[in-house]
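Participant:
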Amino acid sequence: MGVAFENALTKVLIMLTAIFGIGFALYQWFMVSKVKVSRNYVYIERTTARLVRSQIGGEEGGNETPVSIAKCAEIQKTIAVGASSFLLTEFKYLAIFTVIFSVIIFVLLGSVDLFSKASRPCTFTDKICKSAMDNVLFSTVPFLLGAITSVFSGFLGMKIATYANARTTLEARKSLGKAFVIAFRSGAVMGFLLASNGLLVLVLIIHFFGLFYGDDWESLYESITGYRLGGSSMALLGRVGGGIYTTAADVGADLVGKVERNIPEDDPRNPAVIADNVGDMAGMGSDLFDSYTEASCAALFVASISSFGVDHNFGAMMYPLLISSMGIVVCISTTFYASEFLVIEHANQIEPALKKHLFISTAVMTVGILIVTYLALPFSFTVFNFGIQMKVQNWHIFFCVSIGLWSGLVIGYITEYFTSNAYSPVQEVADSCRTGAATNVIFGLALRYKSVIIPIFAIAIAIYVSFILGGMYGVALAALGMSSTIAIGLTIDAYGPISDNAGEIAEIAGMSQRIRDRTDALDSAGNTTADIGKGFAIGSAALVSLSLFGAFVSRAELGVVDVLSPKVFIGLVVGAMLPYWFSAMTMRRV
């Protein structure tokens, strides 16, 4: 009875944390909605200046004409309509892909299961064959749920971006700090909804599938790996589709405006700038949802073939989800620092403030990891690691998760260093433009190759230390540690496109130079912070890939993988080629 109560309590705590995170995201949305965007301002153009000032936010806001403010609402509506059209079109193709791929998974996985479990023709009344078909069904359903949750995350990201962009522009009339808070709150809506929805759906899958599988935990957690496959598939299509769309629109706007017509980048006469605004957020939520779910599912599956799964220690088994739950709690507490206590008065304060926020979240999360580790894990246990039983202690696991967490911070900071105009790398690239486009391209590529050195070493150190301490389970948890503060990472990531949109709206609406200076400051910092989230996603994906491969090797009982085997070596060569092929296709599409 005590064990059953403890298991139920663990599930309830995880669910409540996820629901609390969703509630916090909705609260942030409510705070953003307090900034009103209305086209009615155009009708007060003929009133007195005093009345105008009272309607648009005080003496300082009175410098903007009612027409320009009304134009913000019109532009926002245009962007929102374009975003909805884009999403609906993309979702049609994603739905077709999801259905076809689900059938492929069902047929191929079913044939493998039936072949391995039955040596004769099957009927639906055959107990062995029925069990195999049940396993196939319970592997296909998580794929569909992962795809739906991922698409939903992308949809929410686009909606909050198109909802908040003009509001950020309007708040810039009052002060830089108020505009920053609105952009940050808007990013928090996306960050917390994604992290909380992903966690909630995953724990519900485990609960309901557990009713069917019972004590067969190995099959249970093997089946939920389809959840990450669904999320990964949608992230690939969503990120690439949205990226191609917005980049093509951006390049097209630049070619028509700067090359053919000699007009500013965001001139209202250039219709391509609206399309550029539409695609900025497409696929962003799906992308980081992919890394988040991959890390969780990999850690859960590796744990299922360890002593946790054998001994049916549910509290220890749920350790990865408890880490994610702690991450939501920590990120909520640190978000109040940025939205309630942080004061932004000058443009050069924005980037340091976001970096400080990320550092505080990482430091507090380290304490949270320590608490969860000593409460959820036994002092000593074993993990199945490449065919052998490896003895691990809970403090080993603490260091595995922590090194992933801090490696993510290092990757984020290095990404910020190489992409921010406040540091020498970007300044040197700008200076290389003095001698022409050729030197600019060469210098930019050289800097790009150089920028990966420290992140690669950070990932390599995280892999080595976590593998020594916890085997493949430790590597999976290092990836989870890197994603544990995803709510803040995605908040900072989403802040970028929202600020970029705000700046473009200010220019299209013909607002004063003072307003454009403020939105440009937000945009400049946003261009950098948007890359921090990409650094987290890439670092986490590298660790997850290794842990999933280790899980496959352990599950298949291969023992070792011979790199000198012709088949394995060919696979490595072809796998290394695929990113270049894929990149070439996407660049040509642009």
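The sequence shown begins at 15 in my numbering and counts up by one. The C-beta atom is built at its ideal place from N, Cα and C for all residues, glycine as well.
1) May I ask you to list the residues that DSSP assigns as paired with M331?
2) CA-CA distance, I468 and Y427?
3) At a cut of 8 Å, does the region 501-518 reach the region 175-188 through at least three beta carbon pairs?
4) Taking the Cβ atom as the reference point for each residue, do A501 and F206 lie within a distance shorter than 8 Å?
5) Comparing alpha-carbon positions, which option in I89, Y107, T154, W409 lies nearest V121?
6) How would you call W595, buried or exposed, if buried means at least 16 neighbouring beta carbons within 10 angstroms?
7) Give me whichever residues DSSP pairs with F398 in a beta bridge.
8) Using the Cβ count rule (16 or more neighbours within 10 Å means buried), how would you classify N284?
9) Considering only residues of the same chain and omitting the five flanking positions on each side of A267, which have a CB-CB separation below 6 Å?
10) Here's the rule: buried if 16 or more other CB atoms are within 10 angstroms of the residue's CB, otherwise exposed. What is P366?
11) Rounded to whole angstroms, what is the Cα-Cα separation between G228 and G245?
12) Could you check what DSSP says for T11 in three-state terms: helix, strand or coil?
13) Measure the alpha-carbon distance for S321 versus F395 and round it to whole angstroms.
14) By how many angstroms is the C-alpha of S210 removed from the C-alpha of D230?
15) According to the Cβ coordinates, are P392 and A330 closer than 8 Å?
16) For E430, which residues from the same chain have a beta carbon less than 6 Å from its beta carbon, with the 5 sequence-adjacent residues on both sides left out?
17) Alpha carbon to alpha carbon, how far is D325 from V440?
18) Do T183 and T533 have their CB atoms nearer than 8 Å?
19) For S375, which residues of its own chain have a beta-carbon under 7 Å away from its beta-carbon, when the five flanking residues on both sides are left out?
20) Assign G585 to one of two classes, buried (16 or more other C-beta atoms within 10 Å of its C-beta) or exposed (fewer than that).
21) Is it right to say C447 is buried, meaning 16 or more other beta carbons lie within 10 angstroms of its own, or is it exposed?
22) What's the gap between the Cα of F481 and the Cα of I417?
23) Can you give me the start and stop residues for the alpha helix (DSSP H) that K48 sits inside?
24) Any idea what DSSP makes of A523, helix, strand or coil?
25) Would you decide whether E521 is buried or exposed? Buried here means 16 or more other CB atoms lie within 10 Å of its CB.
26) Whole angstroms is fine: what's the gap from A508's alpha carbon to S579's?
27) Have a look at F38, A313, F413, L302 and flag the residue whose alpha-carbon is nearest the alpha-carbon of V558.
28) Looking at the secondary structure, which residues open and close the alpha helix (DSSP H) in which Q441 lies?
29) Just to confirm, is the Cβ distance from I364 to G35 under 8 Å?
30) Going by C-alpha to C-alpha distance, which of M486, S305, R199 sits closest to V397?
31) Which runs of the beta strand (DSSP E) at least 3 residues long sit entirely within the region 169-253? Give them in chain order.
32) So is R134 buried or exposed if we call it buried at 16+ other beta carbons inside 10 Å?
33) Taking the alpha-carbon positions, what's the M50 to L208 distance?
34) Starting from Y463, trace the alpha helix (DSSP H) both ways and give me its first and last residue.
35) Assuming A551 contacts S305 (C-beta within less than 8 Å), just tell me the rounded distance between them.
36) For the alpha helix (DSSP H) holding L423, just list the boundary residues, first then last.
Facilitator: Inspection of the coordinates gives the following:
1) M331 pairs with nothing; no bridge assigned.
2) 10 Å
3) yes
4) yes
5) T154
6) exposed
7) Q403
8) buried
9) N284, A286, V287, D290
10) exposed
11) 26 Å
12) Since the first residue of the chain shown is 15 and the last is 604, residue 11 is not available in this structure.
13) 6 Å
14) 27 Å
15) yes
16) T542, I546
17) 54 Å
18) yes
19) V344, C345, T348, T499, I502
20) exposed
21) exposed
22) 11 Å
23) Unbroken run through K48: none, as it is neither H nor E.
24) coil
25) buried
26) 44 Å
27) A313
28) 438-446
29) no
30) M486
31) none
32) Low per-residue confidence applies at R134: pLDDT is 48, beneath 50, and the placement is therefore not dependable enough to give any value.
33) The sequence shown places Lys at residue 50, not Met. For K50 and L208, the distance between alpha carbons rounds to 25 Å.
34) 451-464
35) 5 Å
36) 408-433
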